[in-house]
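Take the sequence shown: its letter number 438 is residue 439 in my numbering, and every next letter is one higher. Glycine is no exception: its CB is placed at the ideal position from the N, C-alpha and C atoms. Small disclaimer: the values here were computed from a predicted structure and weren't measured. Below is one structure, written out as structure tokens; the observations come after it.
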Amino acid sequence: MISTKDYLNILRICASQEAVKKAVFQNYNNNLWWPLSIRDWRIRMLIAGLSLRVSYRMIETFRKVVNELSSYTYEEISLMNRDKFKSIVRPIGLIKLRVRFFLSTLDFVNYVERNKLDIYSMSHDELINLLRDKVFGIGYHGAQCCALYILGYHCGIMPVDSGMKRLFCPCIGLPAPNAPYGYEILRKQLENLTRSIDYNQIAVKEGYEYLNLRESKQLAWWAHLVLIYYKRFFCNKSRPDLCPLKNILATKEIIGQMCPKKHKEVGGIKNVVIEGINKVGKTTLAEMFYSIGFKKSHADYHRRIKNLYLFYKNFLERKPRTKRFVLDRTFISEAVYGPVLREKSRLSEIQLESLLKKLKEQNTILVYLYAPLGVLLERKSDQQYELQKYYSGLTKAYESVIAIVRKYIPVIKIDSNKNNPAQIFSQITGFEFVKKNK
């Protein structure tokens with residue numbers, strides 16, 4: 002829900018920070034956590050899993066554990082008794098969990114070899130889901146890390162840790178559901194945005210030409226390091242007043258603030274309003290936005306509400322600053338349906354424009370769906386009489402009201418007959434809709 006241009010600016014600013022640049026140079030060609038000297042994918046997987054829940058201040062301790070483990074072959078590691086393995090990993094703590102992960106890793110490798118699975122031919126989604134399903138204690142983030150290290154730095158995977166999910170991504174306009182699958186949603190969004198960035202647009206200009214980024218053919222590994230170290234050096238300080246993204250003109254308007262204990266706020270687009278005639282596909286599209294972390298709100302006619310303007314004004318002002326909403330109809334419907342069905346809107350033009358200003362303040366976009374009458378009548382509905390009688394008037398009314406809306410917020414107009422819901426969702430968000438895993 003952020004544009005390629007905004008993402009490019011975010012990457013540029015993050016990459017230009019000296020602390021970030023130093024850390025990226027230190028870890029790009031040979032990562033301190035996942036060294037290239039380890040070539041056996043099975044040991045790489047073990048190392049990546051052990052790196053979870055190890056803080057950055059323990060990096061030297063972790064490297065000693067890695068060096069000791071890598072002095073053995075995988076066959077020797079697989080034959081280790083528990084006490085020996087415990088003694089090796091004891092310095093990084095959580096011994097019981099790490100032993101369970103170790104034993105589960107051995108089972109996973111046996112499963113792969115027994116079934117003659119070619120993990121290198123799997124899609125990233127397939128490998129990550131397989132790791133998450135079969136290996137104890139790694140979850141989506143751990144599976145992403147294991148898959149990246151197994152396949153190599155430049156495979157295109159961008160792991161998302163809890164700090165990225167909780168702090169950085171919501172700040173730049175990419176909040177995700179609290180559910181575990183939120184890590185996968187963010188990974189795919191970041192990878193898709195990064196693929197749209199040309200090497201010459203950013204890396205060379207920010208002084209990274211010596212990393213031979215052109216040879217990697219993509220910026221995923223570099224962008225991952227830039228964002229993860231920016232999060233570590235800036236977001237973790239809980240000081241939005243010191244955040245370059247928050248204080249530089251190119252990005253300050255789209256950046257939220259998720260790091261302080263109070264007054265948190267997501268960045269980017271905060272509301273998506275979906276409008277259109279009945280049966281045009283609004284609710285189906287709204288459900289898709291719900292799957293990526295938006296909170297749903299469906300606007301009924303509200304027949305008993307006497308002051309509709311005050312109702313919507315209070316609703317918009319009370320909305321949590323840390324939540325994004327997808328609004329399946331809103332007061333815009335009243336401005337359309339009221340004059341056509343009831344000869345009068347319960348909102349004056351001044352009130353309509355006042356509410357639109359509220360939406361503008363909250364970085365809202367309007368998605369207007371339309372379709373030919375014949376198509377709508379073919380869909381099962383108990384509203385066919387209303388559609389036939391009022392279709393022409395409602396269509397004209399929508400065009401008039403949307404002309405007013407465009408003065409305040411962006412409008413995306415889409416023919417839902419020529420685009421299915423998944424295609425519409427992709428056009429708006431920039432990535433493919435994927436159903437949530439259980």
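Cutting at 7 Å between CB atoms, please list the residues of its own chain near residue i, excluding the five before and the five after it.
i      : result
Glu335 : Leu309, Ser346, Arg347 and Leu348
Gly164 : Lys232, Cys236 and Asn237
Val113 : Ile120
Tyr230 : Val21, Ala24 and Val25
Lys439 : Caution is warranted here: a pLDDT of 42 is assigned to Lys439, below 50, making its placement in the model unreliable, and the coordinate value is therefore given only provisionally. None.
Thr62  : Pro92 and Ile93
Lys247 : Pro241, Lys253, Ile256 and Gln258
Tyr211 : none
Gly183 : Lys166, Ala177 and Gly294
Leu128 : Ile120 and Ala148
Pro261 : Ser239 and Pro241
Since residue i is in the beta strand (DSSP E), which residue starts that stretch and which ends it?
i      : result
Arg325 : Arg325 to Asp329
Lys262 : Neither: Lys262 is in no beta strand (DSSP E) and is coded neither H nor E.
His299 : Phe295 to His299
Val415 : Rather than Val, the amino acid found at residue 415 in this sequence is Ile. Its beta strand (DSSP E) spans residues Val412 to Asp416.
Leu367 : Thr365 to Tyr371
Identify, in the order they occur along the chain, each residue of the same chain with its Cβ nearer than 6 Å to the Cβ of residue i, setting aside the five sequence neighbours on each side.
i      : result
Lys414 : Tyr369
Leu47  : Thr106
Ser298 : Phe326 and Leu328
His225 : Met159
So, at 8 Å on beta carbons, what are the nonlocal neighbours of residue i in its own chain, with the 5 sequence-adjacent residues on each side left out?
i      : result
Val66  : Leu51, Ile89, Val90, Pro92 and Ile93
Lys283 : Ile275, Glu276, Gly277, Asp329, Arg330 and Leu370
Glu266 : Gly257, Gln258, Met259, Arg322 and Thr323
Ser105 : Lys135, Val136, Phe137 and Gly138
Pro411 : Ile366 and Leu367
Pro373 : Asn418
Gln27  : Leu33
Leu357 : Ile405, Val406, Lys408, Tyr409 and Ile410
Below 8 Å on the Cβ atoms is my guess for residue i versus residue j; work out the distance and round it to an integer in Å.
i      : j      : result
Ile333 : Val406 : 7 Å
Tyr8   : Leu194 : 5 Å
Trp223 : Ala204 : 7 Å
Ala177 : Cys170 : 7 Å
Gln18  : Phe234 : 7 Å
Phe103 : Phe86  : 6 Å
Between which two residues does the alpha helix (DSSP H) harbouring residue i extend?
i      : result
Tyr291 : Lys283 to Tyr291
Asn248 : Pro245 to Asn248
Val376 : Leu374 to Glu379
Asn193 : Gly183 to Arg196
Ile44  : Trp42 to Leu51
Val341 : Phe332 to Arg343
Glu276 : Premise fails: Glu276 lies in the beta strand (DSSP E), Asn272 to Glu276, not in any alpha helix (DSSP H).
Gln385 : Gln385 to Val406
Ala16  : Thr5 to Ser17
Glu210 : No alpha helix (DSSP H) contains Glu210, which DSSP labels as neither H nor E.
Is the beta carbon of residue j closer than 9 Å to that of residue i?
i      : j      : result
Thr5   : Ile249 : no
Gly157 : Arg196 : yes
Leu168 : Pro160 : no
Ile173 : Ala49  : no
Leu175 : Ile3   : yes
Tyr338 : Ala398 : yes
Val341 : Gly375 : no
Go ahead and label residue i buried or exposed: buried means 16 or more other beta carbons lie within 10 angstroms of its beta carbon, across all protein chains shown.
i      : result
Lys166 : buried
Asp416 : exposed
Thr74  : exposed
Arg101 : exposed
Asn68  : exposed
Gly208 : exposed
Ile186 : buried
Asn213 : exposed
Tyr386 : exposed
Leu311 : exposed
Gln428 : exposed
Gly60  : Looking at the sequence provided, one finds Ile at residue 60 rather than Gly. Its Cβ having fewer than 16 others within 10 Å, Ile60 is exposed.
His142 : buried
Ile14  : buried
Lys271 : buried
Glu362 : exposed
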